[in-house]
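Participant: Chains as they are written, first to last, in the working numbering: chain A, 1 to 209; chain B, 1 to 209; chain C, 1 to 209.
Here a beta-carbon is modelled for each residue, glycine too, at the ideal position from N, C-alpha and C.
The structure's right below; bear with me while I get my questions together.
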Amino acid sequence: MQVQYIFEVLGTVFFAISGALAANKKSTPDWFGVTFIGFITAVGGGSLRDILLGSYPIVWVKDVLFIYAILCGTILASIFYTTLHKLRKTLFLFDTLGIALFTIVGTEKALSLGAGPETAAIMGMFSAVMGGVLRDILTQEVPIIFHKEIYATACLAGATMYLLLHYFHIDRNINFLLSGSLIVIIRILAVRYNLSLPKFRKDSVNTVA
Amino acid sequence: MQVQYIFEVLGTVFFAISGALAANKKSTPDWFGVTFIGFITAVGGGSLRDILLGSYPIVWVKDVLFIYAILCGTILASIFYTTLHKLRKTLFLFDTLGIALFTIVGTEKALSLGAGPETAAIMGMFSAVMGGVLRDILTQEVPIIFHKEIYATACLAGATMYLLLHYFHIDRNINFLLSGSLIVIIRILAVRYNLSLPKFRKDSVNTVA
Amino acid sequence: MQVQYIFEVLGTVFFAISGALAANKKSTPDWFGVTFIGFITAVGGGSLRDILLGSYPIVWVKDVLFIYAILCGTILASIFYTTLHKLRKTLFLFDTLGIALFTIVGTEKALSLGAGPETAAIMGMFSAVMGGVLRDILTQEVPIIFHKEIYATACLAGATMYLLLHYFHIDRNINFLLSGSLIVIIRILAVRYNLSLPKFRKDSVNTVA
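See the structure below:
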């Protein structure tokens with residue numbers, strides 16, 4: 001449990017960094033704007049999950065450490081701004097570790113609150129990606145989940161694996177590790193080989209005005 | 001009750017279809033993106049209503065059938081894509097039946113949770129239109145409720161009629177039918193005769209920069 | 001308490017007016033669209049605060065007076081449309097009084113529900129600014145909190161002062177007045193002298209593609 005908590009806080013820092021850097025792309029927002037977007041990116045997914053499940057108090061409302069983790073991420077993003085933009089691969093890895101972790105934590109939480117497996121998988125995926133969706137809405141970008149490479153689907157795959165192994169009573173820590181790794185591996189392969197899901201309709205742009 | 005439940009599930013399928021087709025208009029999203037937008041369109045309004053009323057568990061979180069109804073709608077949208085786009089009138093009818101049904105169900109639910117009539121009417125309208133509003137925000141379109149023909153106002157009219165007849169102790173099933181029909185009729189007349197509410201200010205575009 | 005309630009209702013009217021006028025800038029929405037945007041502007045921040053805190057029932061869901069306050073604000077915005085646009089300073093004052101009031105009310109409410117000081121300050125700020133953020137998302141504008149002059153930061157400053165004075169057991173009414181005034185003063189100075197927070201990165205537009 002202690003280890004998972006540390007991971008959650010670290011995941012929050014990573015998401016806040018990625019949010020702060022994304023906020024800074026489009027315009028030149030001030031410190032408040034960047035921190036705000038880092039905040040929404042980091043806590044948006046988990047807050048939505050808790051609200052949909054009616055699970056109160058919401059994590060960051062109760063535990064002030066998450067608020068400081070976000071401030072910490074924003075300050076790190078400012079200090080190491082140039083370095084971080086050179087380390088695109090490092091950043092990608094942070095984001096990938098973040099969504100892997102948040103997916104499994106979210107799936108687990110939904111299960112523990114009595115949700116069925118389908119709902120739990122959706123809640124896991126929401127925990128991981130909805131912060132980024134809210135960030136994209138606020139900064140008027142196309143939401144990340146509609147981007148080219150496999151993203152949210154990797155989270156659903158990892159959540160599904162977790163649920164299967166859970167069903168077969170695999171040890172929880174091993175399950176956590178295996179399912180999280182699946183998300184990381186799918187995501188790395190997707191970006192390296194530019195993998196995407198099949199289009200809904202190949203001809204859709206031409207067919208519909 | 002059984003009949004209403006069937007209608008709710010059918011309404012969810014219809015909204016998922018309309019969401020999937022709308023998602024596909026703008027770009028060429030993949031299967032995940034289309035299903036995601038169908039999902040938000042179908043459950044967004046009801047989820048917001050339940051969250052605002054503090055009514056837990058939220059319908060689709062508890063009842064997995066709604067999740068499968070959405071998947072079903074997305075698959076139907078894919079298979080019958082060309083046909084559905086030719087059957088614009090059928091689609092319009094589906095959407096109209098969907099909002100009529102969701103309005104009355106939402107109004108009823110709010111009333112049963114002790115909301116006053118004004119709040120109940122707003123909750124009914126939210127149930128019907130907010131899924132479409134969220135869809136439009138995600139796909140960066142002008143929200144449907146700001147479109148030309150009368151839309152959300154038809155829902156408010158139906159909800160008001162339901163509340164009036166409820167006040168006069170009209171039988172619930174008859175009331176459901178009459179109020180739902182009012183929404184369908186207003187909506188059909190609005191589209192056929194291109195009816196819209198009066199503008200807030202005729203000269204607003206010129207007056208304000 | 002009576003006085004605060006009157007202020008809250010007045011604040012709601014002011015926010016509805018500012019929402020209705022903002023809605024009208026971009027296009028020529030009909031009466032429903034304008035009222036809807038006034039509604040979201042007025043109740044969005046407080047609703048989000050209550051949802052995040054799990055504090056039910058949400059204020060306007062319980063107390064129908066807030067719904068009529070919004071209708072009232074929209075009608076006033078229509079009748080005095082030309083006058084209000086000439087009285088930009090008056091409008092600015094209304095908005096400033098609104099955010100000052102909502103910030104302190106929100107901070108107080110979060111505290112009374114057991115939130116820590118950091119969370120309470122965030123909740124106060126959310127109460128004041130998130131209605132405007134939702135309005136801007138709906139009307140596809142750049143969210144107000146990313147605008148030039150200090151806005152949300154003034155709310156955070158006022159909330160922080162309230163929490164400090166609260167900690168030192170200053171009389172609640174005096175605290176309310178002093179902290180609210182701080183927000184008003186910061187905001188007036190920010191607009192008059194065009195004050196903004198430091199940019200996150202001066203060179204960000206050039207550095208990042």
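Using a Cβ-Cβ cut-off of 8 Å, state whether B/P198 counts as contacting chain C.
Facilitator: B/P198 counts as touching chain C.
Participant: Among A/K62, A/Y56, A/I58, A/A77, which one has its Cα closest to the Cα of C/F200?
Facilitator: Of A/K62, A/Y56, A/I58, A/A77, the residue nearest in Cα terms is A/A77.
Participant: Under 8 Å between beta-carbons, which chain C residues line up against B/P214? List them in chain order, please.
Facilitator: Since the first residue shown for chain B is 1 and the last is 209, residue 214 of chain B is missing from the structure and cannot be characterised.
Participant: Note down the Cα distance separating A/I17 from B/I150, rounded to an integer number of angstroms.
Facilitator: Each residue's alpha carbon lies about 44 Å from the other.
Participant: What do you reckon, are the CB atoms on C/I104 and C/Y162 nearer than 8 Å?
Facilitator: Against a cut-off of 8 Å, the Cβ pair of C/Y162 and C/I104 comes out as a contact.
Participant: What is the DSSP secondary structure of B/D63, reduced to helix, strand or coil?
Facilitator: DSSP places B/D63 in coil when its eight states are reduced to three.
Participant: Using a Cβ-Cβ cut-off of less than 9 Å, list which residues of the region 75 to 88 of chain B approach chain A; keep chain order.
Facilitator: Answer in chain order: A77, S78, Y81, T82, H85.
Participant: Less than 8 Å between CB atoms is the rule here; does B/V208 satisfy it with respect to chain C?
Facilitator: The predicted position of B/V208 is uncertain, since its pLDDT is 39 and thus under 50; no value can be drawn from it.
Participant: Excluding the 5 residues preceding and the 5 following A/G124 in the sequence, name in chain order all residues of the same chain whose CB lies nearer than 6 Å to its CB.
Facilitator: If we look at A/G124 and ignore the five residues flanking it on each side, its Cβ neighbours are T103, G106, T107, A159.
Participant: Determine, using beta carbons only, whether A/A115 comes closer than 8 Å to chain B.
Facilitator: A/A115 counts as touching chain B.
Participant: With three or more C-beta pairs closer than 8 Å as the rule, is the region 32 to 43 of chain A touching the region 68 to 76 of chain A?
Facilitator: They touch, by the three-pair rule.
Participant: Looking at the strands, I want to know which residues DSSP matches up with A/K199.
Facilitator: B/D30, per the DSSP bridge assignment.
Participant: List the residues of chain B that A/G131 touches, going by C-beta distances under 9 Å, in chain order.
Facilitator: Within chain B, no residue comes near A/G131; the closest Cβ sits about 15 Å away, beyond 9 Å.
Participant: With C-beta atoms as the reference, is B/L189 less than 8 Å away from B/L195?
Facilitator: For B/L189 and B/L195, yes; Cβs fall inside 8 Å.
Participant: Does the region 127 to 143 of chain A come close enough to the region 56 to 69 of chain A to have 3 or more Cβ pairs within less than 8 Å?
Facilitator: These segments do not touch.
Participant: For C/F146 and A/P29, which I take to be in contact (beta-carbon distance under 8 Å), what is that distance rounded to the nearest angstrom?
Facilitator: That belief holds up - the Cβ atoms of C/F146 and A/P29 are roughly 5 Å apart, short of 8 Å.
Participant: Classify C/Y216: buried if its beta carbon has 16 or more other beta carbons within 10 angstroms, exposed otherwise.
Facilitator: Residue 216 of chain C lies beyond the stretch modelled for chain C, which goes from 1 to 209, so this question has no answer here.
Participant: Would you say C/Y193 reaches chain B, if we count a Cβ-Cβ gap shorter than 8 Å as a contact?
Facilitator: So, not an interface residue.
Participant: Going straight from the alpha carbon of C/R135 to that of A/R172, what length do you get?
Facilitator: Between C/R135 and A/R172, the C-alpha separation is close to 44 Å.
Participant: Can you tell me which of C/L164, C/A23, C/F14 puts its alpha carbon nearest to the alpha carbon of C/L111?
Facilitator: It is C/L164.
Participant: Near C/V9, what residues of its chain come up, given a Cβ to Cβ distance below 8 Å and the 5 sequence neighbours on each side ignored?
Facilitator: Excluding sequence neighbours, C/V9 sits near L65, F66, A69.
Participant: Distance check for A/A42 and A/V13, CA to CA, integer angstroms please.
Facilitator: A/V13 and A/A42: Cα-Cα distance of roughly 8 Å.
Participant: Taking 8 Å as the CB-CB cut-off, is A/S112 touching chain C?
Facilitator: Cβ-Cβ to chain C under 8 Å: no for A/S112.
Participant: Give the range of the alpha helix (DSSP H) segment to which B/Y167 is assigned.
Facilitator: That run of the alpha helix (DSSP H) goes 152 to 167.
Participant: What residue range does the alpha helix (DSSP H) around C/L113 cover?
Facilitator: Element bounds for C/L113: n/a, residue is neither H nor E.
Participant: Leaving out the 5 sequence neighbours to the left and right, which residues in its chain are closer than 6 Å to A/F94 when beta-carbon positions are compared?
Facilitator: Only F14 meet the Cβ criterion.
Participant: For a contact meaning CB atoms closer than 7 Å, what does A/E108 contact in chain B?
Facilitator: Residues of chain B passing the Cβ test: none, with the nearest at roughly 16 Å.
Participant: With DSSP collapsed to three states, give me the class of A/E149.
Facilitator: DSSP places A/E149 in coil when its eight states are reduced to three.
Participant: In this structure, how does DSSP classify B/R55 when only helix, strand and coil are distinguished?
Facilitator: Inspection of the sequence shows that residue 55 of chain B is occupied by Ser rather than by Arg. Reduced to three states, the DSSP call for B/S55 is coil.
Participant: Whole angstroms are fine: how far does the CA of B/F39 sit from the CA of A/L210?
Facilitator: Outside the displayed span of chain A (1 to 209) sits residue 210 of chain A, for which this structure offers no information.
Participant: By DSSP, does A/F236 sit in helix, in strand, or in coil?
Facilitator: The structure shown does not extend to residue 236 of chain A, since chain A is modelled only from 1 to 209, so the question has no answer here.
Participant: For the region 49 to 67 of chain B, enumerate the residues whose C-beta is nearer than 9 Å to any C-beta of chain C, in chain order.
Facilitator: Cβ contacts with chain C: I51, L52, L53, G54.
Participant: Can you tell me the Cα-Cα spacing of A/I6 and A/L101, whole angstroms?
Facilitator: Cα to Cα, A/I6 sits roughly 11 Å from A/L101.
Participant: Give me the chain A residues within the contact set of B/V34, using Cβ-Cβ distance strictly less than 7 Å, ordered along the chain.
Facilitator: Per Cβ cutoff of 7 Å: F200.
Participant: So which residues on chain A does B/D171 lean against when the C-beta distance must stay under 7 Å?
Facilitator: Here the premise fails: no neighbours, minimum Cβ distance about 34 Å.
Participant: Beta carbon of C/T139, beta carbon of C/A22: below 8 Å?
Facilitator: In this structure, C/A22 lies closer than 8 Å to C/T139 by Cβ.
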